[in-house]
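Comments concern the structure below.
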Amino acid sequence: MVNGEDTILVTGGAGFIGSNFIRYMLRKYENVSIVNYDKLSYGSNLENLKDIKERYVFVKGDIADEKHVEEVIKRHKINKIVNFAAETHVDRSISEPLSFVKTNVDGVATLLEMVRKYDLRIVHISTDEVYGDIIEGSFSESDKLSPSSPYSASKAAGDLLVKSYVRTYGVDACITRSSNNYGPYQFPEKLIPKTIIRALKELKIPIYGSGKQVRDWLYVEDNCAGIDTVLRAGKKGEIYNIAAGEERENIWIVKEILKHLGKSEELIEHVEDRPGHDVRYSITTDRLRALGWKPERRIEDGLKSTVEWYVKNEWWWKPLVNDKVLHPTPWKLRW
Ligand SMILES: NC(=O)c1ccc[n+]([C@@H]2O[C@H](COP(=O)([O-])OP(=O)(O)OC[C@H]3O[C@@H](n4cnc5c(N)ncnc54)[C@H](O)[C@@H]3O)[C@@H](O)[C@H]2O)c1
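See below:
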C-alpha cells in the first residue's frame, strides 16, 4: 500500500520513460510513494516494473476518465502528478490521429481540472517536437510552436492548455520538453531497440530516406533526473527543455549499434521516407541547467549500455517482437 510523504500520481507509468521515472524516484527517495495510473494502451508493459513491490501501486485507468481519476486522487491522497500518459508513436498518429487528440488534449484537460480542484502540483511531460524542425540553431522555451505531425500538434495543444490554466486559475504547473530518449525498456518499434533486435536476428535494418535526420539523443535516466529537478525546483508556469546536446544523424546511430554488435553495415536498407519527416530537432537547456541539472551520459557510452541491456534482457523484448518489428513496411502500409 502507498504511504509515503509525497504520493505522486505517475500517469503513463507503464510506458518507457514513465517506468524508468518510477524506478528512479523510488531508488532516490525513501519518502516517496507512487501510484502508477495507466490505460495499458499501445507501447505499455507492466513487465517494466514487475520487480517493484514497495511504496508502489498500479491502477489501470484512462486520464480522460474524470470520475476515475478523481476517485484515485482522493483514495491515495495524491499531492503531485507527473503526466507521461500520451499516445506517442508518430507513424501511428498519421494513420489514427483522433486517439491522439483524445489522450494528449482531452486527457491533459482532465488532469488540469483535478489540479485546479485539489490544489496539486503537476509536471506535464511534453516534447521538443512541438517546436517543429530547425535547420540551424536551437529552439529556446519561448520560441513559437510549429508542430508537423498530428502527434506533435496534439502535444502542443496540451502544452497550451497547461499554460492557460496557470494564467487563468493560477495552478501550480510546469512543462518539460525533452529531446529523443533512449535506454532500457523502450518499446521494440522505436529506432534504437528495433535496430538492436533486428541486427541480433541478422535482419535488414530499415532507415527512412537518407537517414540524415538529426536527433539530439538523451539517455532516459538523464531525462528522469531533469524531470525530478523540475518537480522539486521548477518555477510555477515555467517550461524546461531537456536535452544532452548529443546530436547525431539516424544513420550514425544505426552504424554505431552495428559496430557494438559486430554486425555488417550491409544490413542497412534505405526505405521510403515518412511524410512531413522533421529534418533536425535542437533545443537549448540553459534554463534547466540553472537549476543545477546536467546530463551524465554521452551518446557513445549510453548507446553501449543500451545495447548491452537488450542483449542481456531478451526475456523482456522477445514477447513484444511482432510483425511491425520483424516485417517493417513503409508507414502507409502499416495500419
Ligand atoms: N520517447 C521519447 O523519446 C520522448 C521524447 C520527448 C517526449 N516524450 C514524451 O514523454 C511521454 C512518455 O513517452 P514514452 O516514450 O514513455 O511513451 P510510451 O508510449 O512508452 O508510454 C506512454 C504510456 O501512456 C499510457 N497511456 C496512453 N494513453 C493513456 C491514457 N489515455 N490514460 C492513461 N495512460 C495512457 C500508455 O499505456 C503508455 O504506457 C509522452 O508524453 C511523450 O510525448 C517522449
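Every number in the working numbering is 53 more than the matching position in the sequence shown, counting from 1. Virtual Cβ for every residue (Gly too), placed ideally from N, Cα, C.
Environment of residue i [buried if 16+ CB atoms lie within 10 Å]
i	result
R108	buried
P372	exposed
E113	Inspection of the sequence shows that residue 113 is occupied by Lys rather than by Glu. Per the 10 Å Cβ criterion, exposed.
E140	buried
Y222	exposed
L244	buried
R220	exposed
I188	exposed
N366	exposed
P328	exposed
S335	buried
For residue j and residue i, the rounded distance between their alpha carbons
i	j	result
K377	R145	12 Å
V158	S207	6 Å
S152	V161	13 Å
H330	G298	21 Å
Q266	W305	10 Å
H121	L93	15 Å
V176	L284	6 Å
W368	T338	36 Å
V168	I228	14 Å
R251	D186	28 Å
T163	E119	6 Å
Y204	T156	11 Å
V63	E319	42 Å
I249	G211	33 Å
V215	V88	22 Å
L173	Q239	30 Å
K317	L311	Going by the sequence as given, residue 317 is Ser instead of Lys. For S317 and L311, the distance between alpha carbons rounds to 7 Å.
G166	I126	Residue 166 is actually Glu in this sequence, not Gly. Using only the alpha carbons, I get a separation of about 12 Å.
S97	K197	31 Å
S263	V307	12 Å
K247	P241	5 Å
Which residues DSSP lists as bridging residue i, in chain order
i	result
N294	R230
I260	H323
Y272	Y235
L111	The residue asked about is misnamed: residue 111 is Phe in this sequence, not Leu. Answer by DSSP bridge pairing, in chain order: N89.
R174	K133, D225
L62	V88, I134
T180	S231
Any non-hydrogen atom of ligand 2 within 6 Å of residue i CB
i	result
R174	By its list of ligands, the structure shown excludes ligand 2, since it contains just ligand 1.
Exercise. Who sits around ligand 1, taking every residue whose Cβ is closer than 6 Å to one of its heavy atoms?
Worked result: T64, G65, A67, G68, F69, I70, G71, D91, K92, L93, S94, G96, S97, D115, I116, A117, F137, A138, A139, E140, T141, T156, G160, I178, T180, K208, S231, N233, N234, F240
For this session: Return the chain-ordered ranges of every alpha helix (DSSP H) run that is complete within the region 337 to 378 and spans a minimum of 4 residues.
Result: At a cut-off of 4 residues, the continuous stretches assigned as alpha helix (DSSP H) that sit fully inside the region 337 to 378 are 339 to 342, 352 to 365, 367 to 370.
Problem set entry | Length at least 4, wholly inside the region 182 to 245: the alpha helix (DSSP H) runs in chain order | 203 to 222
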